[in-house]
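Have a look at the structure below before the remarks.
Residue numbers (this note's numbering): 159 to 415.
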């Protein structure tokens, strides 16, 4: 594993990749993607979300991003796509967005509504467990249904560990919306669409990515894309980094002529 950093650099410094996890997992969902990016010389960080509310997660991510220097590429999986679509979550240092089997809501849309708009999601009442918590509820997938709904192409042993170590989301967060136009209107975006996704229907992923004008790459994968296909996920992120660097260099060159 290389210890050198050769992450694409703009006039404002090297691009940092911030990877944001979604519901039912924690930052460990990005472990192999982080390793891939580090092996390729990129700077990658994977903070954790509480997943108690969309507004709270947006505030937490914003606070984290404010601690970073230089330009940032933000990558989201699953529910985190709703978080990074919320303008309150980002800072002016964010240069681009990558959605990995992730929601891309517009203002006034919730993740839950988008998931129900198209058939095919296994996130249905018979497959979930709700546990009461001090300040709300925690939603889990039933362990015996986790692999089929979330991680069908992940090694069974790994899927079983993921099922046992779920990080629940308060279902109220899936019904929350934001008011201002989504971030993907003003930032370049990429979308990795999973064509065997039984959590967010593939038709929903295609609809959202097409509406956002994202650069789309499709992959034959379950919802657990970062775990099942870390190298391919890292390549899409790397392509975004390269494009952002070229765009910044071209803009700077034009301004100095």
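Ideal Cβ placement from N, Cα and C applies to all residues, glycine included. Being a predicted model, the structure only gives us computed values, none of them experimental.
- Distance from the CA of residue 297 to the CA of residue 196, rounded to the nearest whole angstrom, comes to 33 Å.
- In the DSSP assignment, residue 375 is bridged to 350.
- Using a Cβ distance threshold of 7 Å, residue 185 and residue 259 do not count as a contacting pair.
- According to DSSP, residue pairing for residue 260 in a beta bridge involves 236.
- Cβ-Cβ distances below 7 Å link residue 194 to 388, 389 and 392 in the same chain, with the five nearest sequence neighbours on each side left out; the list follows chain order.
- For residue 366 and residue 183, the gap between their C-alpha atoms comes out near 22 Å.
- Between residue 224 and residue 249, the beta carbon gap of about 6 Å places them in contact (Cβ cut-off 8 Å).
- Residue 393 sits in a helix when the DSSP states are folded into three classes.
- Counting C-beta atoms within 10 angstroms of its own C-beta, residue 322 has fewer than 16 neighbours from the protein chains shown and is therefore classed as exposed.
- For the segment 181-251, the continuous alpha helix (DSSP H) assignments of 4+ residues that do not extend past its boundaries occur at 189-197, 212-223 and 238-243, in sequence order.
- If you draw a straight line from the Cα of residue 174 to the Cα of residue 236, it comes to about 21 Å.
- The C-alpha of residue 347 is placed about 8 Å away from the C-alpha of residue 257.
- Only residues of its own chain outside the window of five on either side were considered, and among them 380 have a CB closer than 6 Å to the CB of residue 310, listed in chain order.
- The count of Cβ pairs closer than 8 Å, one atom from the segment 316-331 and one from the segment 218-233, stays below three, leaving the stretches out of contact.
- Of the residues assessed, residue 181 falls on the buried side of the cut-off, its CB having 16 or more other CB atoms within 10 angstroms.
- Here DSSP, grouped into helix, strand and coil, assigns residue 282 to coil.
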